[in-house]
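J.: Here it is: the structure, laid out below.
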Amino acid sequence: MTDVDPAIPVPRSGAGPALTASDLARSTGGRLLARSDRPIRGAAVDSRLVTGDELFVALPGERTDGHAHLVEAVRRGASALVVTRPVDDPAVLGDVTVVRVADGVAALGEIASDWRRRFTPIVIGITGSIAKTSTKEAVAAVMAAVRPTLRSEGNQNNEIGLPLTLLRLTPEHEVAVLEMGMYVGGEIADLARIAQPSIGLVTTVQSVHLSRIGSLHAVEAAKGELLEALPPNGVAVLNADDPIVTRMDRRTAARVLRYGFAATADVRAEAVSAAGFDGMRFRLRTPVGGQEAVIPALGRLSVHNATAAAAVGIASGIPLDAIVGALAGGWSAPHRVQLVRLAGTTLVDDSYNASPGSVRAALELLGELPGRPVAVLGEMLELGDDHEASHRAVGRAAGATAELLVV
Numbered sequence: 008m009t010d011v012d013p014a015i016p017v018p019r020s021g022a023g024p025a026l027t028a029s030d031l032a033r034s035t036g037g038r039l040l041a042r043s044d045r046p047i048r049g050a051a052v053d054s055r056l057v058t059g060d061e062l063f064v065a066l067p068g069e070r071t072d073g074h075a076h077l078v079e080a081v082r083r084g085a086s087a088l089v090v091t092r093p094v095d096d097p098a099v100l101g102d103v104t105v106v107r108v109a110d111g112v113a114a115l116g117e118i119a120s121d122w123r124r125r126f127t128p129i130v131i132g133i134t135g136s137i138a139k140t141s142t143k144e145a146v147a148a149v150m151a152a153v154r155p156t157l158r159s160e161g162n163q164n165n166e167i168g169l170p171l172t173l174l175r176l177t178p179e180h181e182v183a184v185l186e187m188g189m190y191v192g193g194e195i196a197d198l199a200r201i202a203q204p205s206i207g208l209v210t211t212v213q214s215v216h217l218s219r220i221g222s223l224h225a226v227e228a229a230k231g232e233l234l235e236a237l238p239p240n241g242v243a244v245l246n247a248d249d250p251i252v253t254r255m256d257r258r259t260a261a262r263v264l265r266y267g268f269a270a271t272a273d274v275r276a277e278a279v280s281a282a283g284f285d286g287m288r289f290r291l292r293t294p295v296g297g298q299e300a301v302i303p304a305l306g307r308l309s310v311h312n313a314t315a316a317a318a319v320g321i322a323s324g325i326p327l328d329a330i331v332g333a334l335a336g337g338w339s340a341p342h343r344v345q346l347v348r349l350a351g352t353t354l355v356d357d358s359y360n361a362s363p364g365s366v367r368a369a370l371e372l373l374g375e376l377p378g379r380p381v382a383v384l385g386e387m388l389e390l391g392d393d394h395e396a397s398h399r400a401v402g403r404a405a406g407a408t409a410e411l412l413v414v
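Each residue of the sequence shown is one higher than the one before, starting from 8 at the first, in the working numbering.
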């Protein structure tokens with residue numbers, strides 16, 4: 008996976024601990040071509056986003072190559088460069104550290120791993136076929152209510168984005184909430200090795216990325232890599248409503264905490280009701296007590312995400328009052344069940360990505376809202392041999408819900 012959104016800036020930590028030229032050479036095993044005493048804080052893979060004293064890692068891209076933008080990165084304030092090609096005269100670049108490595112992406116991961124080991128936050132890894140980002144935002148909202156929290160930005164959930172996120176860690180952060188994505192087996196294991204999570208959350212296992220990974224069984228195996236990486240004193244937070252996720256408890260030595268709607272869930276939502284466009288109400292049951300909860304988010308899937316966030320909060324020792332209060336404040340992720348008010352119309356924007364499970368959840372929400380239901384659906388990709396059957400199933404669900412269907 009190398010699809011990281013270059014438009015997402017990576018906020019920097021400012022003054023504080025920093026990496027050195029020797030740190031870069033040691034962690035990457037690279038060759039030190041030029042040394043500077045300038046501190047190195049944060050990192051970027053897009054020269055346009057470099058700010059003062061950051062590391063710029065030159066990577067090949069779809070449209071350009073980072074090596075063509077070394078001068079720009081230095082001009083924007085980079086204090087160090089990681090390259091995979093010869094640099095004719097590093098001294099021409101000025102007062103900057105230059106390290107040459109064999110693999111830029113691997114080097115970025117090793118640098119981030121080194122940086123991660125300097126701090127002791129609660130690291131929460133989140134993966135699953137759908138609802139990763141929405142759940143991540145809900146978890147971050149709960150944790151940030153009482154502890155300084157770092158979270159993945161946008162779609163920075165891969166072998167580039169996760170290290171960039173970790174390189175934003177500061178001593179002030181007590182929590183890091185990290186989304187972990189994958190296309191093939193082994194990727195989440197690599198991310199977990201870098202991040203060293205103590206809490207791992209799996210949302211769902213569904214038929215996504217099958218054109219790349221091959222089978223639902225392979226998806227299950229890949230998602231379970233997060234659980235295998237947890238320490239015995241960690242916590243695996245599992246979706247009690249997904250039978251595949253539920254049986255993944257055998258994949259971990261960590262304590263297991265289940266969430267959802269099922270009676271077997273340790274943290275569950277009961278008496279769920281919709282309040283139109285104002286959100287959802289439910290009774291939150293947990294091992295430490297129960298409370299009435301209200302969230303401004305829409306649909307049962309949002310309630311489900313809230314129980315996941317509550318479970319992580321319980322696992323982290325967050326008081327129940329603080330959890331319920333944080334959930335009431337809401338959370339959001341762009342193009343994921345967002346309300347857009349138009350002239351005489353309310354648009355529910357869930358357009359970020361599409362899989363059979365996420366589209367069915369969106370259609371279920373559509374059926375719960377007041378007004379004339381109109382569904383605008385696009386193609387679902389990377390379904391492999393399930394492509395036709397999945398589209399037909401979603402079409403039947405749409406026909407049963409929407410008065411008007413636009414495809």
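Built from N, CA and C at the ideal position, the CB exists for glycine as well.
#1: In angstroms, rounded to a whole number, what distance separates the CA positions of G161 and A109?
#2: Measure the CB-CB distance between A317 and I302 and report whether it falls below 7 Å.
#3: Is it a yes or a no for the region 163–176 touching the region 215–233, going by three-plus beta-carbon pairs under 8 Å?
#4: Quick check for students: name the residue ranges of the beta strand (DSSP E) that lie wholly in the region 238–289, counting only runs of 3 or more.
#5: Helix, strand or coil for P67 per DSSP?
#6: Kindly indicate the opening and closing residues of the alpha helix (DSSP H) around L208.
#7: Which of the three DSSP states, helix, strand or coil, is assigned to L233?
#8: Could you please give the first and the last residue of the uninterrupted beta strand (DSSP E) stretch that includes L171?
#9: Ordered along the chain, which non-local residues of its own chain (more than five positions away) have a Cβ less than 8 Å from that of P155?
#10: Where does D95 fall in DSSP's three states?
#11: Which value, in whole angstroms, describes the spacing of the CA atoms of H311 and F268?
#12: Nearest-angstrom Cα distance between L305 and I220?
#13: Tell me which same chain residues have a C-beta within less than 6 Å of the C-beta of A147, skipping the five on either side of it?
#14: Using the C-alpha atoms, what's the distance from T293 back to E299?
#15: Using CA coordinates, which residue listed in D328, T259 and D285 is at the minimum distance from E375?
#16: Output needed for A335: all residues of its chain with C-beta closer than 6 Å, excluding positions within five of it in sequence on either side, in chain order.
#17: Which same chain residues end up closer than 6 Å to A296 when comparing Cβ atoms and leaving out the 5 residues on each side of it in sequence?
#18: In terms of residues, what are the limits of the alpha helix (DSSP H) holding T142?
#19: Please say whether E61 and G49 have beta carbons closer to each other than 7 Å?
#20: To the nearest angstrom, how far is the alpha carbon of I118 from that of E371?
#21: Pairing CB atoms from the region 66–81 with CB atoms from the region 29–47, are three or more of them under 8 Å?
#22: For G135 and T177, I'd like the C-alpha separation in whole angstroms.
#23: For the region 248–256 and the region 276–291, state whether three or more C-beta atom pairs, one from each stretch, are separated by less than 8 Å.
#24: With C-beta atoms as the reference, is V105 less than 7 Å away from A41?
#25: Which of helix, strand or coil does DSSP assign to T408?
#26: What did DSSP end up calling T314 once you bin it into helix, strand or coil?
#27: Under three-state DSSP, which class holds I325?
#28: Would you decide whether G36 is buried or exposed? Buried here means 16 or more other CB atoms lie within 10 Å of its CB.
#29: Please state if the CB of L26 and the CB of F63 are separated by a distance shorter than 7 Å.
#30: Tell me whether V295 sits in a helix, a strand or coil according to DSSP, three-state version.
#31: By how many angstroms is the C-alpha of I129 removed from the C-alpha of A151?
#32: Could you tell me whether the Cβ atoms of L234 and A247 are closer together than 7 Å?
#33: Taking all protein chains shown into account, do 16 or more other C-beta atoms lie within 10 angstroms of the C-beta of D95, making it buried, or fewer, making it exposed?
#34: Report the three-state DSSP secondary structure of R48 (helix, strand or coil).
T.: Here's the rundown:
#1: In the sequence shown, residue 161 corresponds to position 154, counting from 1. In the sequence shown, residue 109 corresponds to position 102, counting from 1. C-alpha separation (whole angstroms): 28 Å.
#2: Looking up residue 317 in the sequence shown gives position 310. Looking up residue 302 in the sequence shown gives position 295. Result no, Cβ atoms of A317 and I302 do not sit closer than 7 Å.
#3: no
#4: 242–246, 262–267 and 274–281
#5: The residue labelled residue 67 in the question sits at position 60 within the sequence shown. Here P67 sits in strand by DSSP.
#6: The residue given as residue 208 occupies position 201 in the sequence shown. Counting along the chain, L208 falls outside any alpha helix (DSSP H), though it belongs to the beta strand (DSSP E) covering I206 to V209.
#7: Position 226 of the sequence shown, counted from the first residue, corresponds to residue 233. Of the three classes helix, strand and coil, the one that applies to L233 here is helix, per DSSP.
#8: Indexing the sequence shown from 1 puts residue 171 at position 164. No beta strand (DSSP E) contains L171, which is instead part of the alpha helix (DSSP H) from G168 to L173.
#9: For the purposes of this step, residue 155 is identified with residue 148 of the sequence shown, where counting begins at 1. Cβ neighbours of P155 beyond the five flanking positions: E179, H180, E181 and V182.
#10: For the purposes of this step, residue 95 is identified with residue 88 of the sequence shown, where counting begins at 1. Here D95 sits in coil by DSSP.
#11: Position 304 of the sequence shown, counted from the start, is the residue given in the question as residue 311. Position 261 of the sequence shown, counted from the start, is the residue given in the question as residue 268. Looking at the two C-alpha atoms, the distance is approximately 7 Å.
#12: Counted from its first residue, the sequence shown places residue 305 at position 298. Counted from its first residue, the sequence shown places residue 220 at position 213. If you take the alpha carbons of L305 and I220, they lie about 32 Å apart.
#13: Residue 147 sits at position 140 when you count from the first residue of the sequence shown. Excluding sequence neighbours, A147 sits near T156, R158 and V184.
#14: The residue you call residue 299 lines up with position 292 of the sequence shown. The residue you call residue 293 lines up with position 286 of the sequence shown. Rounded to the nearest angstrom, the two C-alpha atoms are 12 Å apart.
#15: Counting from one through the sequence shown, the residue named residue 375 turns up at place 368. Closest option to E375, Cα to Cα, is D285.
#16: What you label residue 335 is simply residue 328 of the sequence shown in a count that begins at 1. Answer for A335: V301, listed in chain order.
#17: Working through the sequence shown from its first residue, we reach residue 296 at position 289. It should be noted that the sequence gives Gly, not Ala, for residue 296. Result list for G296: L327, in chain order.
#18: Within the sequence shown, residue 142 is the residue found at index 135, counting from 1. T142 -> alpha helix (DSSP H) spans K139 to A151.
#19: Against the sequence shown, residue 49 aligns to sequence position 42. Against the sequence shown, residue 61 aligns to sequence position 54. Contact flag set, yes.
#20: As a position in the sequence shown, residue 118 is number 111, starting the count at 1. As a position in the sequence shown, residue 371 is number 364, starting the count at 1. When rounded, the distance between both Cα atoms is 44 Å.
#21: no
#22: Mapped onto the sequence shown, residue 135 falls at position 128. Mapped onto the sequence shown, residue 177 falls at position 170. G135 and T177: Cα-Cα distance of roughly 27 Å.
#23: no
#24: Taking the first residue of the sequence shown as position 1, residue 105 is located at position 98. Taking the first residue of the sequence shown as position 1, residue 41 is located at position 34. The answer is yes: Cβ separation under 7 Å.
#25: Counting from one through the sequence shown, the residue named residue 408 turns up at place 401. Three-state DSSP puts T408 in a helix.
#26: In the sequence shown, the residue the question calls residue 314 occupies position 307. Helix.
#27: Working through the sequence shown from its first residue, we reach residue 325 at position 318. Residue state, collapsed to three classes: coil.
#28: To locate residue 36, count along the sequence shown from 1; it is residue 29. It counts as exposed.
#29: Taking the first residue of the sequence shown as position 1, residue 63 is located at position 56. Taking the first residue of the sequence shown as position 1, residue 26 is located at position 19. Not in contact: F63 and L26 (Cβ atoms no closer than 7 Å).
#30: For the purposes of this step, residue 295 is taken as the residue at position 288 of the sequence shown. Here V295 sits in coil by DSSP.
#31: Residue 151 sits at position 144 when you count from the first residue of the sequence shown. Residue 129 sits at position 122 when you count from the first residue of the sequence shown. Cα-Cα distance, rounded: 12 Å.
#32: Working through the sequence shown from its first residue, we reach residue 234 at position 227. Working through the sequence shown from its first residue, we reach residue 247 at position 240. No; because the gap between Cβ atoms is not below 7 Å, this pair is not in contact.
#33: Position 88 of the sequence shown holds residue 95. With fewer than 16 other Cβ atoms within 10 Å, it is exposed.
#34: Here residue 48 corresponds to residue number 41 of the sequence shown, with the count starting at 1. Note: R48 maps to coil in three-state DSSP.
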